[in-house]
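> Before we start, here is the structure in question, set down as structure tokens.
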Amino acid sequence: MEQSATSTRVLWMRVWGLAAVQGAISLTWVIYILYLDRLLTQYGFSAGFAAGLLVVESILAAIMEPLMGTLSDRVQHWMGSRFPFIAVGLIATSACFIAIPVVLAFGGPNGIVRWLLPTVMVLWALAQTVFRSPAMSLLGRYAYATNLPRAASILTLMHSVISPMRAFATDLILKIGPLFAFSIGSLSLLAAATALGMVGPDQGLAAAQAFQTNRRSPLLTNLLKLVLVFGTGIGTTMGFQFIMQALPSSVTDGALIGSRGIIAAISVALIVTALPAGELATRLGTRRGIIVGLVALAACCGLLAIAQRQSIGVLLLAIALGAAISLVSNTSVPFALSMVAPQRAGLGTGIFFSGAAVGFTFFVRIKPALATLPALSALGGAVAYGIAAVCVALSTRWTD
1137 MEQSATSTRV
1147 LWMRVWGLAA
1157 VQGAISLTWV
1167 IYILYLDRLL
1177 TQYGFSAGFA
1187 AGLLVVESIL
1197 AAIMEPLMGT
1207 LSDRVQHWMG
1217 SRFPFIAVGL
1227 IATSACFIAI
1237 PVVLAFGGPN
1247 GIVRWLLPTV
1257 MVLWALAQTV
1267 FRSPAMSLLG
1277 RYAYATNLPR
1287 AASILTLMHS
1297 VISPMRAFAT
1307 DLILKIGPLF
1317 AFSIGSLSLL
1327 AAATALGMVG
1337 PDQGLAAAQA
1347 FQTNRRSPLL
1357 TNLLKLVLVF
1367 GTGIGTTMGF
1377 QFIMQALPSS
1387 VTDGALIGSR
1397 GIIAAISVAL
1407 IVTALPAGEL
1417 ATRLGTRRGI
1427 IVGLVALAAC
1437 CGLLAIAQRQ
1447 SIGVLLLAIA
1457 LGAAISLVSN
1467 TSVPFALSMV
1477 APQRAGLGTG
1487 IFFSGAAVGF
1497 TFFVRIKPAL
1507 ATLPALSALG
1517 GAVAYGIAAV
1527 CVALSTRWTD
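Residue numbers for the sequence shown follow the numbering used here, so the first one is 1137 and each next one is one higher.
Have a look at this one:
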């Protein structure tokens, strides 16, 4: 009974502290993406410059995420805490974020000075890599391995609530102006740092620290595990981007249910299913749960490719996609954590986010060619999720 009680325990206050960090990340990205084109064109850059800047930021993130994760592992070993590392990253990210509208206000669109704006934007993206992987790796301290998807569902819920603001609060966010909007984002990062610090981020469950055995694995085995985590990050990210490209274009605006209705449907599905999907993933187990979610996503993408212009069918698929995405979101970080020893948790999450950055880079490069081909985007999503499912399936011998 004691072992069972321990295995089902979750340190909810600390999980909510992590959720505050997730919420701040999501909010700043919503604001950043909405203003990116507008600010750069105001400074005299071409419309295509924003996409190139996102690619540069993603490439840098692909390199920096595992490096920062590994460095935080060493800081944890030396100091017994990751929080100073995370706090510095959050504060630096907050400072860089508010610096974007400040540069806009006091700089100018002429000469070398105009390059200050994209430089600060890149610095903001780099600063974010300092804390994201170390922060998310803390999840492994706050719940027993079998209960990690349930804990992760709180982070999924936070992201699912905030991300739709990009589609449904665009006018409001743009109306308040960049200085006010970026100030809100900057303060949210500082508030997240405070919230995480107040709940005692370094305290964890003893049982949670032991979800992986400490025996040494051969170097090749460890590398293969990381490759599978990396591939899963690429596949899940590209799959999601393909879906968000295909869904709005799969219906006509004059249809009974237009593109905004479809986006609303998947957004509501993500919010409503976040917590139940965490419960389901906990019952299925992390590996089985993520495979079920990925296979469901691949199947829905395949159906979406043949359901073009059928608004009711696309609506039902959007709801199913939202539920399956919740299942995958709740198991992605737990899967990455399960593939590394506890003392390498930062590296595990860093490799996953590195794969996600690479997947996003690939998608940005091919996105223009898919603008008018929703069926091809849907098929691309099916392939991407299928590849991710294969990566997870190959990990069977190392996961429970």
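Even glycine gets a Cβ: it sits at the ideal position worked out from N, Cα and C.
1. DSSP puts Val1146 in a beta bridge; with which residues?
2. Buried or exposed: which applies to Phe1316, given that a residue is buried once 16 or more other Cβ atoms fall within 10 Å of its Cβ?
3. Residue ranges of each alpha helix (DSSP H) run of no fewer than 4 residues wholly in the segment 1399 to 1463, ordered along the chain?
4. Do the segment 1187 to 1200 and the segment 1280 to 1290 make contact, defined as three or more Cβ pairs closer than 8 Å?
5. Taking the alpha helix (DSSP H) that Gly1516 falls in, what are its first and last residues?
6. With a threshold of 16 other CB atoms inside 10 Å of the CB of Ser1273, please say whether the residue is buried or exposed.
7. Drop a sphere of 10 angstroms on the beta-carbon of His1295, count the other beta-carbons inside from all chains shown, and report buried for 16 or more, exposed for fewer.
8. Would you call Trp1251 buried or exposed, if buried means 16 or more other Cβ atoms sit within 10 Å of its Cβ?
9. Taking Leu1383 as the reference, which of Thr1373, Gly1371 and Ile1398 has the closest Cα?
10. Could you tell me if Thr1306 is buried or exposed, where buried requires 16 or more neighbouring beta carbons within 10 angstroms of its beta carbon?
11. Considering only residues of the same chain and omitting the five flanking positions on each side of Gln1348, which have a CB-CB separation below 6 Å?
12. Can you list, in chain order, the residues of its chain whose CB lies under 7 Å from that of Val1146, leaving out five sequence neighbours each side?
13. Quick one: what does DSSP say Phe1366 is sitting in, helix, strand or coil?
14. Once DSSP output is grouped into helix, strand and coil, what is the label at Arg1218?
15. What residue ranges within the segment 1266 to 1318 form continuous beta strand (DSSP E) runs of no fewer than 3 residues, ordered along the chain?
16. Under 6 Å Cβ to Cβ from Pro1245, same chain only, skipping five residues before and after it: list those, please.
17. Measuring only the C-alpha atoms, how far is Trp1214 from Ser1208?
18. Looking at the unbroken alpha helix (DSSP H) that takes in Pro1504, where does it start and where does it end?
Reading off the structure:
1. Mapped onto the sequence shown, residue 1146 falls at position 10. Per DSSP, Ala1279.
2. Taking the sequence shown and counting its residues from 1, the one referred to as residue 1316 is at position 180. Counting Cβ neighbours within 10 Å, Phe1316 comes out exposed, since fewer than 16 surround it.
3. Taken in chain order, the whole alpha helix (DSSP H) runs of length 4 or more contained in the segment 1399 to 1463 are 1422 to 1442.
4. Contact fails: fewer than three Cβ-Cβ distances are below 8 Å.
5. Within the sequence shown, residue 1516 is the residue found at index 380, counting from 1. Segment Pro1510 to Leu1530, the alpha helix (DSSP H) holding Gly1516.
6. Here residue 1273 refers to the residue found at position 137 of the sequence shown. Ser1273 counts as buried, since no fewer than 16 other beta carbons sit within 10 angstroms of its beta carbon.
7. The count along the sequence shown starts at 1 and reaches residue 1295 at position 159. The residue is buried, with at least 16 neighbouring Cβ atoms inside 10 Å.
8. Numbered from its first residue, the sequence shown carries residue 1251 at position 115. Counting Cβ neighbours within 10 Å, Trp1251 comes out exposed, since fewer than 16 surround it.
9. What you label residue 1383 is simply residue 247 of the sequence shown in a count that begins at 1. The option with the nearest alpha carbon to Leu1383 is Ile1398.
10. By 1-based counting over the sequence shown, the position of residue 1306 is 170. Exposed.
11. The residue you call residue 1348 lines up with position 212 of the sequence shown. Its pLDDT being 46, under 50, Gln1348 is placed unreliably by the model, and the measurement read from it follows with that caveat. So the qualifying residues of the chain are Ala1477 and Pro1478.
12. As a position in the sequence shown, residue 1146 is number 10, starting the count at 1. Result list for Val1146: Tyr1278, Ala1279, Asn1283, Arg1286 and Ala1287, in chain order.
13. Position 230 of the sequence shown, counted from the first residue, corresponds to residue 1366. In the structure shown, Phe1366 sits in a helix (DSSP, three-state: H, G or I).
14. The sequence position of residue 1218 within the sequence shown is 82, counting from 1. In the structure shown, Arg1218 sits in coil (DSSP, three-state: anything other than H, G, I, E or B).
15. Along the segment 1266 to 1318, the beta strand (DSSP E) does not occur as any fully enclosed run of 3 or more residues.
16. Position 109 of the sequence shown, counted from the start, is the residue given in the question as residue 1245. So the qualifying residues of the chain are Tyr1179 and Gly1180.
17. Mapped onto the sequence shown, residue 1214 falls at position 78. Mapped onto the sequence shown, residue 1208 falls at position 72. Distance between the alpha carbons of Trp1214 and Ser1208: 10 Å.
18. Working through the sequence shown from its first residue, we reach residue 1504 at position 368. Residues Ala1481 to Leu1506.
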